[in-house]
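Take the sequence shown: its letter number 178 is residue 179 in the working numbering, and every next letter is one higher. Please read the structure below before turning to the comments.
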Amino acid sequence: MTIRLNKEKINDIRKLLSLFYTRILNSPIVHIGFLLAGIISCLVYSYNYEVLKVEIPDYIYINQKNLYIIDSGHGFNAKNNCKWKSIKEGDSCFYEYEFNKKVADQLCKLLDNAGIFYLRTDTLSDERDLAISDRIAIVNATKAALDEAGYISAGKSVVLFSIHANAARNEQASGFEVFTNIDKCKKYKDQVLCEKDMHIVATRLSDHLKLMFPEKKFRGTSKSEYKKTSMANDGEISLIDKTNCYALLSENGFYTNPVEREEMKQPEYQLKIAMAHYKTICSLENINP
Ligand SMILES: [Zn+2]
2 MTIRLNKEKI NDIRKLLSLF YTRILNSPIV HIGFLLAGII SCLVYSYNYE
52 VLKVEIPDYI YINQKNLYII DSGHGFNAKN NCKWKSIKEG DSCFYEYEFN
102 KKVADQLCKL LDNAGIFYLR TDTLSDERDL AISDRIAIVN ATKAALDEAG
152 YISAGKSVVL FSIHANAARN EQASGFEVFT NIDKCKKYKD QVLCEKDMHI
202 VATRLSDHLK LMFPEKKFRG TSKSEYKKTS MANDGEISLI DKTNCYALLS
252 ENGFYTNPVE REEMKQPEYQ LKIAMAHYKT ICSLENINP
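Below you can see the structure in the form of structure tokens.
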């Protein structure tokens, strides 16, 4: 399967994927006789094209109901200097990407301990900001590889979780939000099943966040707990609009709210958010968390 990428971005992606490679091979899941498993490698075919080859361990085809992709929103941007997706706090700065990554790291630890296989769009977010278009390319390349390998036709799906924190002009704004895009099911062969599945996944994540944080505001709509996006969206939300799989984006608190921001810095608080995502995945896998 081939995907086209800007030449400048090839090195960035290759570095990222080689890290996937190392991480997966070092993971305890793979040690048990599946040494060749979990390989993502990147080969340059010509000046302008990149071939992404994505392989997942054989046992995932048998044991796991879905393949999960964890995305931690944004990354470090040297030019940013506390001007974008961040807020000044005296001499220091609260960066959204740092919070997103900490939650994603905790989630991945929980998944590792449970032996649930997943991929991450970005493991180098402390070094640079991987563009949304590259994140979309990685997710769609993975989905295409799994389609080609017959994983999807075996009734399994790819589910993307993109983890974020929210911001607003109003300092008092607080709470959680879950977004998904049900409109994109129109592109799928089985639109009804797709809509039903997306509804289930989004409702479960919303419910688990509400259970973890009963004292917090949950920002749903009058008709559902989660919010639906449309294909017209830009920016970070386009990750759920333009990826060819089930996709959810969670906004886990407002870093522009001083009280909530203090909570968001606590590892216990981050773990609770990770736990809500983890329990959602466990429920999709029919296992006890
Ligand atoms: Zn964000």
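Ideal Cβ placement from N, Cα and C applies to all residues, glycine included.
Using only alpha-carbon positions, find the residue among the options that is nearest to residue i.
{"i": "tyrosine 227", "options": "Pro58, Leu194, Lys211", "result": "Lys211"}
{"i": "glutamate 97", "options": "Asn114, Ile57, Asp127, Ala138", "result": "Asp127"}
{"i": "lysine 187", "options": "Asn167, Glu196, Phe180", "result": "Glu196"}
{"i": "methionine 276", "options": "Cys83, Ala79, Gly76, Leu112", "result": "Leu112"}
{"i": "asparagine 101", "options": "Asp242, Asn167, Glu90", "result": "Asn167"}
I need the DSSP call for residue i, collapsed to helix, strand or coil.
{"i": "threonine 181", "result": "strand"}
{"i": "cysteine 83", "result": "coil"}
{"i": "glutamate 196", "result": "helix"}
{"i": "glutamate 149", "result": "helix"}
{"i": "cysteine 94", "result": "strand"}
{"i": "leucine 285", "result": "helix"}
{"i": "lysine 266", "result": "coil"}
{"i": "serine 158", "result": "strand"}
{"i": "alanine 168", "result": "coil"}
{"i": "glycine 254", "result": "strand"}
Given 6 Å as the limit, tell me if residue i has its C-beta closer than that to any heavy atom belonging to ligand 1.
{"i": "glutamate 264", "result": "no"}
{"i": "glycine 76", "result": "no"}
{"i": "histidine 278", "result": "no"}
{"i": "glutamate 99", "result": "no"}
{"i": "glutamate 237", "result": "yes"}
{"i": "histidine 165", "result": "yes"}
By the 10 Å Cβ neighbour count, where 16 or more other Cβ atoms means buried, how is residue i classified, buried or exposed?
{"i": "valine 193", "result": "exposed"}
{"i": "arginine 170", "result": "exposed"}
{"i": "serine 93", "result": "exposed"}
{"i": "threonine 222", "result": "exposed"}
{"i": "proline 259", "result": "exposed"}
{"i": "isoleucine 133", "result": "buried"}
{"i": "glutamine 173", "result": "exposed"}
Output the residue ranges of the beta strand (DSSP E) runs that lie fully inside the stretch 104-143 and measure 3 residues or longer, sorted by chain position.
Within the stretch 104-143, the complete beta strand (DSSP E) runs of at least 3 residues are 119-121.
Where are the alpha helix (DSSP H) runs, 4 residues long or more, that stay fully inside the stretch 201-226, in chain order?
Segments of the alpha helix (DSSP H) lying fully in the stretch 201-226: there are none.
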